[in-house]
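So the sequence lines, in the order shown, correspond to chains A and B. When we follow the UniProt record's numbering, the leftmost residue of the first sequence carries the number 1, and every step to the right adds one. When we follow the UniProt record's numbering, the leftmost residue of the second sequence carries the number 1, and every step to the right adds one. Beta carbons are placed, not taken as given, at the ideal position from N, Cα and C, and that holds for glycine. Keep in mind it's a predicted model, so treat the numbers as computed, not measured. Remarks on the structure that follows.
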Amino acid sequence: MVSLLRNQKVHNALLQVLYVGSIAAMVLAGIVIARRNLADQGITSGFDFLFKSTGWDVNFSLLPATANDPYWWYFLIGIINTLFLGSVGLILATIVGTIVGLARTSSNDLARLLGRTYVDIFRNIPLILQVFFWYAIITHLPTPRSAHEAWGFLLTSRGLYIPFPNVGSAAFAAATVAVIAAIVLPAWLGRTSRLAQPIGQRHTIQFAAAAAALACSAIILALGRLPDTPLLDFPALQGLNLRGGLRIPPEFATLAIAIAIYGGSYIAEIVRGGFKSVGTGQVEAALSLGLSPWRVFTLVRLPLALRAMLPILANQYVWLMKATTMGIAVGLTDFFMIVALTINHSGQTLEAIGILMAGFLAINLSLAAVFNRINKAIALKGNQLRG
Amino acid sequence: MISTNSTGEPALRIENLDKYYGTFHALRGINLSVKRGEKIVVCGPSGSGKSTMIRCINRLEQHNGGRIVVLGTELNDDVGNIDEIRREVGMVFQHFNLFPHMTVLENCVISSMIVRKQPRAQAEATARRYLEKVRIPEQALKYPSQLSGGQQQRVAIARALCMQPQIMLFDEPTSALDPEMVSEVLDVMVTLASEGMTMICVTHEMGFARRVADRVLFMDGGEILEEAPPDEFFTSSATSAPDNSCRRCWAIDWKQRSECVTPHAFRHLHD
């Protein structure tokens, strides 16, 4: 018996059993206690509430919503709001981060100083403080009657108004998908091994795919146009309020800006690190071959920097996706806020939080999976023993 | 000290070249003239300015004084001149510096396609010809890190040759290689020399210098201390190095290395 316990394999197996067993016991105890407490308070657990109507409104939704809609529809609205805010925030943060990051690696002293100041300021102030700061600024913009106007864009305390095509929402969504396809398709065609054509022909195929997708989106927009309206709808003052165009609510604008500025400061550092990691040797070799500095950038520095940046960038994106939950601070009905309201109104705390956690897990795991896939596709071949 | 000028413009003319790193005077009034087809080997202890000198020739380092005229074009702040010179001057580095995200073939075609505006088919044909010349045609579709050091350096030579340069610069091309790979790279360089390429090589391979060099330069402290055909350089025990002990020792030590087939055995001697 003692000799059996001294066997390394038995020993390890026993520890594993003990470990898993104690975790299972804890979870089980938690569930039992929760059920008894809920029963004591007369709360029925279960997911039946999902099919009851909510009785309250959401202030921001990409889907039609009324107070009669059931909870599951509201959860869907929340997830889509979070995804939308996340994508807008991530794209803006990436643009800001790239510009600031490049400024930080530039040889221009002023650009470097500005970039560094930016990062120092926005990386070191808590996100929630920045959210409140932008919200205060946006809600103190002039009223619609004295709005700032430029090229059909209006800045007011009721939100940002932008010109918008007069098309149905389904047509607009389809056109958006087509535009995304125009970006993703050529990139995929350039990498996939399923097309074994030489590079020259590949470029033609890529170009054709992008053109076809863009043409598709143009056709969809033309067909989906609302009858008897101009192509673009400009916002204009009517009475005391603004009519026409697309209104971006102050809450959404606040969060998009906050995530872009805050995330941008982190991404700037990632971009800077990526470019610093590119060996001077490769750059010198490219220069000595007679390539122009711009070509050296696009052919050597950028592709190599991107490979160094991607894994850290994926991490940052997952982080920023979670930062969308700041929506509750200014009252944007993102996934988190809808779950919070659901808990208040229905009392189904455990279920709602379970759905929230599962939703964020699904979003961020998919994001990570996409990045892992891209990472793998462009990873440098071989054993990396360079030099 | 100045080599005899043949008729016509030399491939390379350097006059009174000065280079500073901050306050450090890295090159002190270098004068050098290289005829077309001439092979120059530059040797000397580390920190003597050998690499700095050849890196000035294609403007990887900016010189602070004097003139550099490459193939009749003066190297100055004119971006057009710099581009023109870089097109005609190939360079091979100590650490190969291949582009790790491109295949061997892509490494070779990229510059001729973009700088020389050649169609891909033509650029690939040229690249394959040079890969054959450096004896690794079968590695064309591999990535640099899948190759050995010697193979990588031969790819780097092929890559530079694909631009069909008139002058080749070698910056210690075998110093980062394992001893058994040195000869495969040197063999390619010997072949290149026999075909009449104008070459300037910074190297510690004295056997190579003896075999192919028209002239051997010995540098120390940012100056060319001695310049002679290899026979003379390696046989005369005298050196024109100033009689202050250390430099003189170095010069004599370097000459003795030519007796050795693999100077690597003497690695411990320098620094």
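Coarse secondary structure for residue i, derived from DSSP in three states
{"i": "D233/A", "result": "strand"}
{"i": "G21/A", "result": "helix"}
{"i": "Y143/B", "result": "coil"}
{"i": "S61/A", "result": "coil"}
{"i": "D48/A", "result": "helix"}
{"i": "N372/A", "result": "helix"}
{"i": "I137/A", "result": "helix"}
{"i": "L289/A", "result": "coil"}
{"i": "G159/A", "result": "strand"}
{"i": "residue 273/B", "result": "For residue 273/B there is no data in the structure shown, the boundaries of chain B being 1 and 271."}
{"i": "D77/B", "result": "coil"}
{"i": "D243/B", "result": "Below a pLDDT of 50, predicted positions are generally treated as unreliable, and D243/B, at 49, falls in that range; no measurement from the model is reported."}
{"i": "A156/B", "result": "helix"}
{"i": "N97/B", "result": "coil"}
{"i": "D18/B", "result": "strand"}
{"i": "N37/A", "result": "helix"}
Closest Cα partner of residue i within the set the options
{"i": "G37/B", "options": "E226/B, E138/B and L192/B", "result": "L192/B"}
{"i": "L291/A", "options": "L32/B, H95/B, K39/B and E88/B", "result": "E88/B"}
{"i": "H83/A", "options": "T325/A, N344/A, A340/A and G42/A", "result": "Here residue 83/A is Leu; the residue named in the question, His, does not match the sequence. Cα-wise, what sits closest to L83/A is T325/A."}
{"i": "P230/A", "options": "G244/A, V177/A, A218/A and V32/A", "result": "G244/A"}
{"i": "N241/A", "options": "I205/A, M337/A and L160/A", "result": "L160/A"}
{"i": "V318/A", "options": "L365/A, A187/A, G354/A and C216/A", "result": "L365/A"}
{"i": "A323/A", "options": "S346/A, F360/A, F51/A and R104/A", "result": "F360/A"}
{"i": "L129/A", "options": "I353/A, G30/A, L356/A and L255/A", "result": "L255/A"}
{"i": "E149/A", "options": "E269/A, A24/A, A174/A and A236/A", "result": "A236/A"}
{"i": "P249/A", "options": "D48/A, A67/A, L85/A and L14/A", "result": "L85/A"}
{"i": "K39/B", "options": "N76/B, M189/B, T235/B and Q94/B", "result": "M189/B"}
{"i": "Q152/B", "options": "E74/B, Y21/B, T103/B and V79/B", "result": "T103/B"}
is_contact[residue i, chain A] using C-beta, thresh 8 Å
{"i": "D83/B", "result": "yes"}
{"i": "S51/B", "result": "no"}
{"i": "I40/B", "result": "no"}
{"i": "S245/B", "result": "Interpretation of S245/B is limited by its pLDDT of 41, a score under 50 that renders its predicted location unreliable; no figure is taken from the coordinates."}
{"i": "P100/B", "result": "yes"}
{"i": "N76/B", "result": "no"}
{"i": "R87/B", "result": "yes"}
{"i": "S46/B", "result": "no"}
{"i": "N97/B", "result": "yes"}
{"i": "S175/B", "result": "no"}
C-beta neighbour in chain B for residue i, strict 8 Å
{"i": "S106/A", "result": "no"}
{"i": "Q282/A", "result": "yes"}
{"i": "V271/A", "result": "no"}
{"i": "A329/A", "result": "no"}
{"i": "R301/A", "result": "no"}
{"i": "A256/A", "result": "no"}
{"i": "R295/A", "result": "yes"}
{"i": "L291/A", "result": "yes"}
{"i": "A111/A", "result": "no"}
{"i": "S288/A", "result": "yes"}
{"i": "L214/A", "result": "no"}
{"i": "A187/A", "result": "no"}
{"i": "R307/A", "result": "yes"}
{"i": "A210/A", "result": "no"}
{"i": "A285/A", "result": "yes"}
Any C-beta of chain E under 8 Å from that of residue i
{"i": "S22/A", "result": "Annotation note: the requested chain E is absent from the structure, which comprises protein chains A and B."}
Alpha carbon of residue i to alpha carbon of residue j, nearest angstrom
{"i": "V42/B", "j": "A125/B", "result": "34 Å"}
{"i": "H63/B", "j": "V69/B", "result": "12 Å"}
{"i": "F275/A", "j": "G49/B", "result": "29 Å"}
{"i": "S51/B", "j": "V182/B", "result": "19 Å"}
{"i": "A329/A", "j": "R59/B", "result": "56 Å"}
{"i": "R295/A", "j": "L302/A", "result": "10 Å"}
{"i": "S45/A", "j": "V58/A", "result": "25 Å"}
{"i": "A222/A", "j": "L62/A", "result": "21 Å"}
{"i": "L225/B", "j": "W188/A", "result": "58 Å"}
{"i": "Q348/A", "j": "T342/A", "result": "7 Å"}
{"i": "A29/A", "j": "N166/A", "result": "57 Å"}
{"i": "L98/B", "j": "A156/B", "result": "6 Å"}
{"i": "S145/B", "j": "Q282/A", "result": "14 Å"}
{"i": "N244/B", "j": "L75/B", "result": "Confidence is the limiting factor: at N244/B the pLDDT is only 47, short of 50, which leaves the residue's position unreliable, though a coordinate-based value still follows. Between N244/B and L75/B, the C-alpha separation is close to 35 Å."}
{"i": "T105/A", "j": "G47/B", "result": "29 Å"}
With three or more beta-carbon pairs closer than 8 Å as the criterion, would you say the stretch 117–128 of chain A touches the stretch 247–263 of chain A? They touch, by the three-pair rule.
Contact the stretch 154–171 of chain A vs the stretch 134–145 of chain A: 3+ CB pairs below 8 Å: Pairwise C-beta distances place the stretch 154–171 of chain A in contact with the stretch 134–145 of chain A, as three or more of them are shorter than 8 Å.
If we count Cβ pairs, one from each stretch, closer than 8 Å, do we get three or more for the stretch 298–314 of chain A versus the stretch 131–138 of chain A? Counting C-beta pairs closer than 8 Å gives fewer than three between the stretch 298–314 of chain A and the stretch 131–138 of chain A, which falls short of the contact rule.
For the stretch 279–296 of chain A against the stretch 98–116 of chain B, do three or more pairs of beta-carbon atoms, one drawn from each stretch, fall closer than 8 Å, so that the two count as touching? Touching, per the Cβ criterion.
Does the stretch 198–217 of chain A come into contact with the stretch 174–182 of chain A, if we say contact requires no fewer than three beta-carbon pairs (one atom in each stretch) closer than 8 Å? Contact annotation: the stretch 198–217 of chain A touches the stretch 174–182 of chain A, with at least three C-beta pairs closer than 8 Å.
Validate contact between the stretch 148–166 of chain B and the stretch 16–28 of chain B using beta carbons, cut 8 Å, 3 pairs: At 8 Å Cβ cutoff, the stretches do not touch.
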